[in-house]
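Numbering-wise (the numbering used here), the sequence shown opens with residue 1 and increments by one.
All C-beta atoms in this analysis are idealised placements derived from N, C-alpha and C, irrespective of residue type, glycine included.
Let me begin by presenting the structure, written as structure tokens, before commenting on it.
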Amino acid sequence: MVLPVSRTLAHSPVHGNELQLQVQLACVLEASATKPGNVTPLHDFSDMSFADLMRSALALGPVFDSERVRAAGVGELIRDGVRATAAVAAANTNLGIVLLFAPLARAAVTRRGGEPLRAALERVLSTTDVDDAAAAFEAIVAARPGGLGDADEHDVRAPARVSLRTAMAAASDRDSIASEYATGYAIVFESGLPLLTDALGGGASTLDAVVSLHVGLLAEHPDTLIARKAGTDAARAVSEAARAVRDGSRTLAQLDADLRRDGHRLNPGTTADLVAATLLAAQLTGVPLP
1 MVLPVSRTLA HSPVHGNELQ LQVQLACVLE ASATKPGNVT PLHDFSDMSF ADLMRSALAL
61 GPVFDSERVR AAGVGELIRD GVRATAAVAA ANTNLGIVLL FAPLARAAVT RRGGEPLRAA
121 LERVLSTTDV DDAAAAFEAI VAARPGGLGD ADEHDVRAPA RVSLRTAMAA ASDRDSIASE
181 YATGYAIVFE SGLPLLTDAL GGGASTLDAV VSLHVGLLAE HPDTLIARKA GTDAARAVSE
241 AARAVRDGSR TLAQLDADLR RDGHRLNPGT TADLVAATLL AAQLTGVPLP
């Protein structure tokens, strides 16, 4: 079954409050699905609750008003998104999401004629500058993400000296979000959207399709938050376990229980961010989320 995609939605810029609502819906759907190892309606962390995620989702809406996005740079959107979240949640609930949403949102409102979203995204990424990097660095330091260490090149605690995309490319081997900046969102467009449309086309409900997307991404791409916190071998082992869920030799409940041990040390948080970005990209390209 192939889901219908509106060509008007897929190739037209968004207007008014539409983008705000799309941003909020992507965040709400990502958080509401019972994804293994993450905060869900049934599972809080000691420092982060499902209510925190809902407040954060709502807070991001005004940051991504389409006219504001049109006037702001990518770095400014990232900084303001982190600030808006900090006003409603004590923990870092969505830094990765904001990093991924800002270029997508800019691409959505600046498309030229029938320009596809990914082509517009590539243009946005290629025109980021040092100011974007400085604002993004400020936001990353303020959010205090888990597993943030020192970098040999373009450390976020040092003054920015290159464009945001160049800085992200230097970190692309150790962080999937940085890699998305370097590759024009290869994971979102080449893995995430096909996984999501296949699940929805197979008759899954929206939230079940989000879980399927999460497991599929985790199976194909080791989670770099896990790698930073627990090591690359642990990240690869989690991906192997996700593949076992996908092929039916392991249950989703077993994977979820394993990821929640040891104080949620194996929380696949980067995968969750990629899920949210895929859900926003889906809306921006006209994929229905029934």
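Check your understanding: Per DSSP, what kind of secondary structure is Ala237 in: helix, strand or coil?
Key -> Within the sequence shown, residue 237 is the residue found at index 237, counting from 1. It is helical.
Review point. Taking DSSP as the reference, what is the three-state secondary structure of Phe45?
Key: In the sequence shown, the residue the question calls residue 45 occupies position 45. Here Phe45 sits in strand by DSSP.
Review point. Under the DSSP definition of a beta bridge, which residues are partnered with Thr40?
Key: Locating residue 40 in the sequence shown gives position 40, counting from the first residue. Its beta-bridge partners are His43.
Point to revise | Any non-hydrogen atom of the ligand SAH closer than 7 Å to Pro116 Cβ | key: Here there are no bound small molecules, and the ligand SAH is not part of this structure.
Point to revise | Closest residue to Thr166 among Ala136, Leu259, Arg144, Asn17 (Cα-Cα distance) | key: Along the sequence shown, read from residue 1 onward, the residue named residue 166 stands at position 166. Cα-wise, what sits closest to Thr166 is Ala136.
**Study point:** Distance, Ala108 Cα to Ile187 Cα
**Key:** The residue you call residue 187 lines up with position 187 of the sequence shown. The residue you call residue 108 lines up with position 108 of the sequence shown. Their Cα atoms are separated by approximately 18 Å.
Point to revise | For Asp155, the three-state DSSP class (helix, strand or coil) | key: Working through the sequence shown from its first residue, we reach residue 155 at position 155. It is coil, neither helix nor strand.
Check your understanding: Is the stretch 29 to 40 touching the stretch 195 to 213 in the sense that three or more CB pairs, one from each, lie closer than 8 Å?
Key -> yes
**Study point:** Cβ-based neighbour list, Thr232, same chain, cut-off 8 Å, excluding 5 preceding and 5 following
**Key:** On the sequence shown, residue 232 is found 232 positions in, with the first residue counted as 1. So the list reads Pro222, once near-sequence residues are dropped.
Review point. How do the stretch 236 to 254 and the stretch 59 to 70 stand: do at least 3 beta-carbon pairs fall below 8 Å, yes or no?
Key: no
Check your understanding: Where does Ala219 fall in DSSP's three states?
Key -> Counting from 1 along the sequence shown, the entry for residue 219 is found at position 219. The three-state reading of DSSP puts Ala219 in helix, counting H, G and I together.
Check your understanding: Just curious, the alpha helix (DSSP H) that Pro103 is in, first and last residue?
Key -> Translated into positions along the sequence shown, residue 103 becomes position 103. Where Pro103 is concerned, the enclosing alpha helix (DSSP H) starts and stops at 95 to 109.
Check your understanding: Do you know offhand how far Thr224's Cα is from Leu255's?
Key -> Numbered from 1 along the sequence shown, position 224 holds the residue referred to as residue 224. Numbered from 1 along the sequence shown, position 255 holds the residue referred to as residue 255. Going from the Cα of Thr224 to the Cα of Leu255 covers about 18 Å.
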